[in-house]
Structures are given as C-alpha cells and as structure tokens.
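To start, the structure under review is shown below, and the notes come after it.
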Amino acid sequence: MPHTPSRHLAEGPRVGIRHFTYEDAAEFTARARESKDLHHPWLFPPDSPQAYDAYASRLIEDPTKAGFLICEKDGAGGSGDGGAIAGFVNINNIVEGGFLSGALGYGAFAHAAGRGLMREGLGLVVRHAFGPMRLHRLEINVQPGNAASIALARSCGFHLEGFSPRMLHVGGAWRDHQRWAITAETVTSG
Numbered sequence: 106m107p108h109t110p111s112r113h114l115a116e117g118p119r120v121g122i123r124h125f126t127y128e129d130a131a132e133f134t135a136r137a138r139e140s141k142d143l144h145h146p147w148l149f150p151p152d153s154p155q156a157y158d159a160y161a162s163r164l165i166e167d168p169t170k171a172g173f174l175i176c177e178k179d180g181a182g183g184s185g186d187g188g189a190i191a192g193f194v195n196i197n198n199i200v201e202g203g204f205l206s207g208a209l210g211y212g213a214f215a216h217a218a219g220r221g222l223m224r225e226g227l228g229l230v231v232r233h234a235f236g237p238m239r240l241h242r243l244e245i246n247v248q249p250g251n252a253a254s255i256a257l258a259r260s261c262g263f264h265l266e267g268f269s270p271r272m273l274h275v276g277g278a279w280r281d282h283q284r285w286a287i288t289a290e291t292v293t294s295g
C-alpha cells in the first residue's frame, strides 16, 4: 500500500496542524457558527465566506502572521483529507530581529471543546514556532474572565507576566487582559 504524505506540519497522537487555505472556508465558517455560544464574549472568528476570505488572506499573505488549523487525525468529518477542524491558532505580530516573537490567538470549535485537542494542537504550534519558524518568545493575551483560555495557557507552559488594562478592542469595547508568555528555552529545557 503506497504511503500518502500528510498535509500536517506537525502531528500529535490525535491532531495535526496545517496552514489555513481558502478551501477551508465552508467548514471553518460552519464550525464558527456552531460555536458562537462557546466563543461569546471572548472571540469572534469569521462566520461567512466573505469574512473568512479576508481573514485567511491576512494569515496566508502577511509575513507578520501565521495561521494554523488544528485538525483531528481520524479523518472523519473534515474537508479534503485533513480531518475535522477542531480549532485554530494564529501567531500575530511576528517580529524578527532582536525580538523573534509573536502573539497567539486561538479558539476551539464546540464539537472539540473539552477533549484536550486544543492543548495538543497549541503544543504543536508552540514547538513549530520555536523550531522551523525560529521564534524565541510567544505571548497570549487573555481576558481575566476567560477561565478556559487561562487554563489552556497554563497547561501548555505559559507563565503569567502581568496585567494590561484596556489592552485590546474586543466585542466593541477596550478590554483588560492578562499577559502570558513562554520562551524557547522553557520548552527545550522541559
């Protein structure tokens, strides 16, 4: 039986990560619509084909961004051969030079929530960022009331660095955020 190459950049036991494509619009937006209750009031991923195209375009074409889909490896329910999309992780504001850093944004979709798939996928993205992407530091900015996101950041080795009042404009208002971070040395040293 011939070996079929994986579309994934990295794989864990249950998920793989791959880049966004324009062809993911139908599945991604359907998952976003199904997950509105889970995401509100923290996150507003694109839920229409037009919004997805603009969103994906930034992640695909802008060198200061990198977008990753977390896909279940069982192959069921997904578009193409990549498995169902369980969630996504974006690295935004990638700065090279002396910083080699980026800011993460992420979300699970409702069908995958609470199953540990985001933890596995976020870990893969972190290792990919510190490996092939050659970044040194990643940060996550989380609203203080978002207990699930804080738990995910902590479980993946991120450490609380501080608090920033009215840091990001989310859902129509400036919101306070906790700043969580991890460096390459933390991951490579265990």
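Each number in this note's numbering comes from the position in the sequence shown (counting from 1) with 105 added on. Each residue gets a CB set at the ideal place from its N, CA and C atoms; glycine is no exception.
Kindly give me the distance between the Cβ atoms of residue i and residue j, rounded to whole angstroms, as I take these residues to be in contact under 8 Å.
{"i": "residue 289", "j": "residue 233", "result": "Actually they do not touch by this definition, with Cβ atoms about 12 Å apart."}
{"i": "residue 175", "j": "residue 122", "result": "6 Å"}
{"i": "residue 243", "j": "residue 287", "result": "5 Å"}
{"i": "residue 196", "j": "residue 170", "result": "7 Å"}
{"i": "residue 192", "j": "residue 215", "result": "With 8 Å as the limit, residue 192 and residue 215 do not qualify as a contact, their Cβ atoms being about 10 Å apart."}
DSSP beta-bridge partners for residue i?
{"i": "residue 246", "result": "284"}
{"i": "residue 191", "result": "Residue 191 is not bridged to any residue."}
{"i": "residue 200", "result": "206"}
{"i": "residue 177", "result": "120"}
{"i": "residue 273", "result": "280"}
{"i": "residue 171", "result": "196"}
{"i": "residue 268", "result": "283"}
Could you please give the first and the last residue of the uninterrupted alpha helix (DSSP H) stretch that includes residue i?
{"i": "residue 262", "result": "First-last for residue 262: undefined, no H or E at that position."}
{"i": "residue 157", "result": "154-166"}
{"i": "residue 130", "result": "130-139"}
{"i": "residue 233", "result": "222-235"}
Kindly list the residues whose CB is nearer than 7 Å to the CB of residue i, restricted to its own chain and excluding five residues on each side of it in sequence; keep chain order.
{"i": "residue 179", "result": "188"}
{"i": "residue 231", "result": "243, 261, 287 and 292"}
{"i": "residue 258", "result": "245, 247 and 285"}
{"i": "residue 107", "result": "Unreliable placement is indicated for residue 107, whose pLDDT of 49 sits below 50; the coordinate value is still reported in the next sentence. If we look at residue 107 and ignore the five residues flanking it on each side, it has no Cβ neighbours."}
{"i": "residue 119", "result": "177, 178, 222 and 225"}
How would you write the range of the beta strand (DSSP E) that residue i sits in, first residue to last?
{"i": "residue 209", "result": "206-213"}
I'd like the list of long-range same chain contacts for residue i, defined as Cβ closer than 6 Å, with 5 residues on each side in sequence excluded.
{"i": "residue 130", "result": "154 and 157"}
{"i": "residue 255", "result": "247"}
{"i": "residue 185", "result": "Since pLDDT at residue 185 reaches only 49, below the 50 mark, its modelled position is unreliable, and no value is offered."}
{"i": "residue 268", "result": "283"}
{"i": "residue 235", "result": "289 and 292"}
Going by the C-beta, is residue i closer than 7 Å to any heavy atom of the ligand PLP?
{"i": "residue 241", "result": "Looking at this structure, you won't find the ligand PLP or any other ligand, since it has none at all."}
What does a CB cutoff of less than 8 Å around residue i pick up in its chain, not counting 5 residues either side in sequence?
{"i": "residue 251", "result": "147"}
{"i": "residue 142", "result": "215"}
Review point. So does the region 262-276 actually touch the region 127-144, counting three or more Cβ pairs closer than 8 Å?
Key: Because the criterion of three Cβ pairs below 8 Å is not met, the region 262-276 and the region 127-144 do not touch.
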